[in-house]
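Notes follow once the structure below has been shown.
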Amino acid sequence: MSDLSNLYSEKVLDHFQNPRNLGEIKNPDGVGTVGNRVCGDIMRLFIKVEEKNGEEIIKDVKFQTLGCGAAIATSSIATELIKGKPLSQALALTNKAIAEALGGLPKAKMHCSVLAADAVKKAIEDFRRKK
Amino acid sequence: MDKVYLDYAATTPVRPEVVEAMRPYWGEKFGNASSLHSFGKEARIAVEEAREKIASILNAETEEIVFTGSITESDNLAILGLTGRFPEKVGQLITSEIEHHAVLDTFITLEKRGYRVSYLPVNQEGQVNLKALEEALRTKTLLVSVMSANNEVGTIEPVEEIGEIINAFNKGKKDWRVYFHTDAAAFFEYLPLDVKRLKVDLLSLGPHKFGGPKGVGVLYVKKDVSLSPLYFGGHQEFGLCPGTEAVPLIVGAAKAFELASKEKEENKNRVTVLRDRLIKGVLEKIPGVFLTGDAERRLPGLASFSFRDVEGEAVLLRLDKEGIAASSGSACTSGELKPSHVLLAMGIPPEEAHGSVRFSLGRETTKEDIDYVLEKLPRVIEDIRKMTPKL
Ligand SMILES: Cc1ncc(COP(=O)(O)O)c(C=O)c1O
Ligand code: FES
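Chains as they are written, first to last, in this note's numbering: chain C, 29 to 159; chain A, 2 to 392.
Here it is, written out as structure tokens:
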């Protein structure tokens, strides 16, 4: 049993304590759900997409996450990183970029950033499928 | 804001009386206990007096007490030291599924080296199954190691009964016998511990769990039990733990044993009331939570829960922000992404084990501390649950 809080950067803790874009979007254009309960972490990302000058833009994004501090922080920052961005740019978001935006993650927590990147991709795929 | 420390099962603050007892042995009385001169003699006397004191508290003989470097080392010395006395891979070994890693991983290592190891199952409350023990005992069983109380969920194990079973099994046998080891690290502070009554051959303890220093452990080795050392070099500690004795830590250990033993009953009663206040409050105020471990046969200072729809680490971080220190057996705090083996062995499904939070109370815990937790915790759980996807 160990407390990992001292291994988290200030930025991770900030996003964990004050998550951005937390919640649900009613009638979302796309939803991405990753992880599973047995493994202990589930992330859910909701997106609203809008066309602007012929480009598809993420107009709004919200998340819900069950998981550790890093899982919540990576979801939170991922929403910030893709909000208002074209879909093509959001799709290119890597887990590394997410971790870097948080000032780094403890090694054992890198997979949480993978989860966040996957959730973004899945939400966009879902949007494309529905279209 | 005053912080509320409820992680005494991890470690405890060194008591001022213990600091005081250790003080002269850092500078003024710095001698090597093996030296012939007056400096050495002074240190030797201190070490042997500490040994005597601890022995008498545990109802052991003085020469049955071995000082090691940690509880982990005591566990390793007990298990590897005993198996090391016999030709390789001789004898079957028995332990339980809920041991501390200091014991469990040692057996897993022996298993990899070719030993046969049986891991006794536990029931939902975390009690080791005695019937399984009886069935597992074989003619060539060498060692049974079962902890006295579990440090994660607080369940007190039937060690006396285990001692009886082993004793009965050994009766009449001449050329082979089963040895019994127990890790009593979580047990000693509040509960009566008498090595003769327990019928144990080997018992591990460490003073940092009850107001003593870290860096020193104790292993009780019954007179007629011989162990082989794990490393070599000096004659110290009967050759079992060679290396210059940590005189100040050993002196501090004895002081911590003395104080804890003197105050056992009083501390137990005080802490039990607070623990029950915490358990009752949590179960009343928070929906979707259950107590893990045995409700009755439970360590006086330990309250462990599983909260639905939250992840333990997230709870710890939020509590830490409120100045409350606790711990968790969740997967995300384990570093190996598997929930605690103890909770899984008890049949708690992984998705519930993820929400485990342990509060362990101690000497300085007050009613105000508990009420503060009861004030903050419902909100913390509620906030985290708000983040959980509704699937
Ligand atoms: C039951 C038990 N055994 C062994 C240990 C290991 O103690 P240490 O890390 O001091 O060696 C602990 C401490 O967490 C424990 O609770
Ligand atoms: S969600 Fe389990 S380690 Fe991050």
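Cβ coordinates follow ideal geometry from the N, Cα and C atoms, glycine included. Please read these numbers as outputs of a predicted model, since none were measured by experiment.
| request: Measuring alpha carbon to alpha carbon, tell me which of Glu190(A), Thr12(A), His38(A) and Asp8(A) ends up nearest glutamate 266(A). | output: In this structure, Glu190(A) is the residue among Glu190(A), Thr12(A), His38(A) and Asp8(A) with its C-alpha nearest to the C-alpha of glutamate 266(A).
| task | Taking 7 Å as the cut-off, decide whether the C-beta atoms of valine 89(C) and threonine 61(C) are in contact. | result | Going by C-beta atoms, valine 89(C) is not nearer than 7 Å to threonine 61(C).
| Inter-residue CB distance, histidine 209(A) and threonine 12(A) (contact presumed, cutoff 8 Å) | Correct: roughly 5 Å between the Cβ atoms.
| Any alpha helix (DSSP H) of 4 or more consecutive residues that is wholly inside the segment 91-128 of chain A | Here the runs fully enclosed are 102-113.
| field | Short-range partners of chain C found in the segment 309-334 of chain A, where Cβ spacing is below 9 Å | value | If you check each beta-carbon in the segment 309-334 of chain A against every beta-carbon of chain C, the ones closer than 9 Å belong to Asp310, Val311, Glu312, Gly313, Glu314, Ala315, Leu317, Leu318, Arg319, Asp321, Lys322, Ala326, Ala327, Ser328, Ser329, Gly330, Ser331, Ala332, Cys333 and Thr334.
| request: Grab me the residues of glutamate 135(A)'s own chain with a C-beta within less than 7 Å of its C-beta, minus the 5 sequence neighbours each way, in chain order. | output: The residues Ile166, in chain order, have a CB closer than 7 Å to that of glutamate 135(A) in the same chain once the five nearest residues on each side in sequence are set aside.
| Hey, would you say histidine 101(A) sits closer than 7 Å to aspartate 184(A), going by beta carbons? | Contact: yes.
| query | Can you list the beta strand (DSSP E) stretches of 3 or more residues lying completely in the segment 325-370 of chain A, in chain order? | reply | Fully enclosed beta strand (DSSP E) runs of 3 or longer: 357-361.
| If we count Cβ pairs, one from each stretch, closer than 8 Å, do we get three or more for the segment 342-357 of chain A versus the segment 143-155 of chain A? | Yes, they touch.
| task | Taking only runs that begin and end inside the segment 123-211 of chain A, name each unbroken alpha helix (DSSP H) of 4 or more residues, in chain order. | result | Counting only runs of 4+ residues, the alpha helix (DSSP H) found wholly inside the segment 123-211 of chain A occupies 131-137, 160-171 and 196-199, in chain order.
| query | threonine 93(C) touches chain A at which residues, Cβ-Cβ below 8 Å? | reply | For the C-beta of threonine 93(C), the chain A residues within less than 8 Å are, from N- to C-terminus, Met388, Thr389 and Pro390.
| query | Among Leu241(A), Ala315(A), Arg45(A) and Pro249(A), which one has its Cα closest to the Cα of leucine 231(A)? | reply | Nearest C-alpha to leucine 231(A) among Leu241(A), Ala315(A), Arg45(A) and Pro249(A): Leu241(A).
| task | Starting from phenylalanine 258(A), follow the alpha helix (DSSP H) in both directions and report where the run begins and ends. | result | Per DSSP, phenylalanine 258(A) is one residue of the alpha helix (DSSP H) stretching across 248-286.
| task | Please list the partners that isoleucine 70(C) has in chain A, where partner means a Cβ-to-Cβ separation under 9 Å. | result | The answer, in chain order, is Thr389, Pro390 and Leu392.
| Validate contact between the segment 93-101 of chain C and the segment 308-319 of chain A using beta carbons, cut 8 Å, 3 pairs | Touching, per the Cβ criterion.
| query | Using Cβ-Cβ distances below 8 Å, what residues of the segment 49-67 of chain C are close to chain A? | reply | Of all residues in the segment 49-67 of chain C, Leu50, Glu52, Thr61, Arg65, Val66 and Cys67 have a Cβ within less than 8 Å of some Cβ in chain A.
| Boundaries (first-last residue) of the alpha helix (DSSP H) holding glutamine 237(A) | No alpha helix (DSSP H) contains glutamine 237(A), which DSSP labels as neither H nor E.
| field | Short CB-CB distance (under 7 Å) between glycine 131(C) and chain A | value | With its beta carbon at least 7 Å from every one in chain A, glycine 131(C) lies outside the interface.
| query | How should threonine 63(A) be labelled, buried or exposed, when 16 other C-beta atoms within 10 angstroms of its C-beta is the threshold for buried? | reply | Counting of Cβ neighbours within 10 angstroms places threonine 63(A) among the exposed residues, the total staying below 16.
| field | Check whether leucine 83(A) and leucine 144(A) have beta carbons under 7 Å apart | value | Contact flag set, yes.
| Option in Thr73(A), Leu206(A) and Tyr116(A) with minimal Cα separation from lysine 90(A) | In terms of CA proximity to lysine 90(A), Tyr116(A) leads the group Thr73(A), Leu206(A) and Tyr116(A).
| task | State yes or no: is the C-beta of isoleucine 152(C) within less than 7 Å of the C-beta of serine 141(C)? | result | Not in contact: isoleucine 152(C) and serine 141(C) (Cβ atoms no closer than 7 Å).
| query | Is DSSP giving glutamate 153(C) helix, strand or coil here? | reply | Three-state result, glutamate 153(C): helix.
| message | For the segment 33-45 of chain C, list every residue whose C-beta sits within 9 Å of some C-beta in chain B, in sequence order. | response | Reference to chain B is not applicable here, since the protein chains of this structure are C and A.
| query | Do we get a CB-CB distance below 7 Å when we pair glycine 112(C) with the residues of chain A? | reply | Output row for glycine 112(C): interface = no.
| field | Straight-line gap, serine 33(C) to lysine 135(C) (C-alpha atoms, nearest Å) | value | Per-residue confidence for serine 33(C) stands at a pLDDT of 43, beneath the threshold of 50, marking its modelled position as unreliable; the derived number appears in the next sentence. A straight-line Cα-Cα distance of about 13 Å links serine 33(C) and lysine 135(C).
| Inside the segment 77-155 of chain C only - alpha helix (DSSP H) runs reaching at least 4 residues | Taken in chain order, the complete alpha helix (DSSP H) segments of 4 residues or longer contained in the segment 77-155 of chain C are 97-110, 115-119 and 123-129.
| said: Can you list, in chain order, the residues of its chain with a C-beta nearer than 7 Å to that of glutamine 117(C)? Leave out the 5 residues immediately preceding and following it. | reply: Here the set comprises nothing.
| task | Would you mind sorting threonine 366(A) into buried or exposed? The rule is 16 or more other CB atoms within 10 Å of its CB. | result | Counting Cβ neighbours within 10 Å, threonine 366(A) comes out buried, since at least 16 surround it.
| task | Quick one: give me the first and last residue of the alpha helix (DSSP H) that alanine 56(A) is part of. | result | Per DSSP, the continuous alpha helix (DSSP H) segment holding alanine 56(A) begins and ends at 39-59.
| message | Please determine whether the Cβ atom of glycine 95(C) lies at a distance below 6 Å from any heavy atom of ligand 2. | response | Yes, Cβ of glycine 95(C) sits closer than 6 Å to a heavy atom of ligand 2.
| alanine 98(C) Cβ short of 6 Å to ligand 2 heavy atom set | A heavy atom of ligand 2 is found nearer than 6 Å to the CB of alanine 98(C).
| Is arginine 298(A) near isoleucine 157(A), with beta carbons less than 7 Å apart? | Taking 7 Å as the Cβ cut-off, arginine 298(A) and isoleucine 157(A) qualify as a contacting pair.
| said: Which residue wins for smallest C-alpha separation from leucine 392(A), given the options Lys39(C), Ser37(C) and Ile70(C)? | reply: Residue Ile70(C) holds the alpha-carbon nearest to the alpha-carbon of leucine 392(A) among Lys39(C), Ser37(C) and Ile70(C).
| said: Going by C-alpha to C-alpha distance, which of Leu199(A), Gly173(A), Ala186(A) and Pro193(A) sits closest to glycine 218(A)? | reply: Its Cα nearest to that of glycine 218(A), the residue Ala186(A) stands out among Leu199(A), Gly173(A), Ala186(A) and Pro193(A).
| field | Minimum C-alpha distance to glycine 164(A) - residue among Leu199(A), Phe68(A) and Glu18(A) | value | Comparing Cα-Cα distances from glycine 164(A) to each of Leu199(A), Phe68(A) and Glu18(A), the minimum goes to Leu199(A).
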